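In our numbering, each number is its position in the sequence shown, counted from 1, plus 51. Ideal Cβ placement from N, Cα and C applies to all residues, glycine included. Quantities reported herein were computed from a predicted structural model and do not represent experimental measurements. A quick write-up on the structure given underneath.
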Amino acid sequence: MLPPSITKNQLLANFDTFVFDADGVLWTGDIPIPGASQWINTLLDDPEKSVFITTNNSTKTLEQYIGVKCFGTGPDLKEDYVKDGDFINEVDVTSKVPKAVVVSFDSHFSYPKLMKAANFLSDPSVEFLVCNEDTTFPGPVPGMILPETGPWSAAIQNVSGRKPDIIFGKPHKEMANFLKSRVNPEKFDARRTVMFGDRLDTDMMFGKTNGFTTVWMQTGVNSVLDIEKSRQSGEITKIPDFTCQFSEFFP
């Protein structure tokens, strides 16, 4: 069963701070969600409203990455290391130990990167920072599973035996603390803050645990079936308060 719908007028009358996820809420891939830009512009034109986009996606587009040789841990080895295990001796894990291992989305996650991260984290002074723990993200092809940062984080935790020192993304407190620091404390009221998102385990949990009203968008990762599963299992922080479609705001 769908959550009850909430209208544009109800949102404008009852909320001052509007928090949006991005992928699956404002756009999917490179395709804007119908009505999203008009809704954002409506809010931005109102001086009494505060608008925030709190995406867990910490990357740029693939097109923006063209020409960059490597990121983070350095380039992967070019040798055919699937057939030849000698590459292990060529991965330097002793010199230039970093101050932190930062895990984000990486479409080229590899054995050498996992090996480097785990060895660096054997030093307790090296911080373990994770951008988010989303398992998947929505893509342009319906039903296609696209792994996100969560699997990379889980692999590094499993091999290193370390838990992250900080997880920045939703639903964790660091994102909420940052958000609150950007709103005038005299104006910020959790009861008049609304979170729009598509994921139950990040967006809805983020809103619920911080006392925000939650609005689930039907254009992203989770489905009505997922909401029913959360309801049956008693995971109340994953159950949204409302749903809406931005396109219906501008008939």
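- In the assembly as shown, L95 is an exposed residue. Its beta-carbon has fewer than 16 other beta-carbons within 10 Å.
- With a cutoff of 8 Å on beta-carbon distance, F66 and R233 are scored as not near each other.
- Secondary structure in the stretch 178 to 226: the beta strand (DSSP E) runs of 3 residues or longer, each lying completely within the stretch, are 178 to 181 in chain order.
- Cβ atoms of F297 and G80 stay farther apart than 8 Å, at about 17 Å.
- Membership of G248 in the beta strand (DSSP E) is indicated by the continuous run T244 to G248.
- Annotation: I217 to T200 spans about 14 Å, alpha carbon to alpha carbon.
- The DSSP-derived three-state label of T93 is helix.
- The alpha carbon of S274 has as its nearest neighbour, out of K289, S176 and P191, the alpha carbon of K289.
- By the Cβ criterion, the stretch 186 to 195 is not in contact with the stretch 164 to 171, since fewer than three pairs of Cβ atoms, one from each stretch, lie closer than 8 Å.
- V153 is bridged by DSSP to L180.
- If you check the CB distance, T187 and V245 do not come in under 8 Å.
- Residue T68 holds the alpha-carbon nearest to the alpha-carbon of D97 among D74, I82 and T68.
- For S101, the uninterrupted beta strand (DSSP E) segment begins and ends at S101 to I104.
- A direct Cα-to-Cα measurement between F156 and V76 gives close to 19 Å.
- In this structure, C182 lies away from V152, with their beta-carbon atoms at least 8 Å apart.
- By the neighbour-count criterion, in which 16 or more other beta carbons inside 10 Å mark a residue as buried, I207 falls on the buried side.
- If you keep only unbroken beta strand (DSSP E) runs of at least 3 residues inside the stretch 245 to 302, you get 264 to 268 and 293 to 295.
- Cβ neighbours of N261 within its own chain (closer than 7 Å, five residues either side excluded): A227 and A241.
- Around the beta carbon of E184, 16 or more other beta carbons lie within 10 angstroms, which makes this residue buried.
- Rounded to whole angstroms, the gap between the alpha carbons of I287 and S281 is 7 Å.
- The alpha-carbon separation between I82 and D74 amounts to approximately 10 Å.
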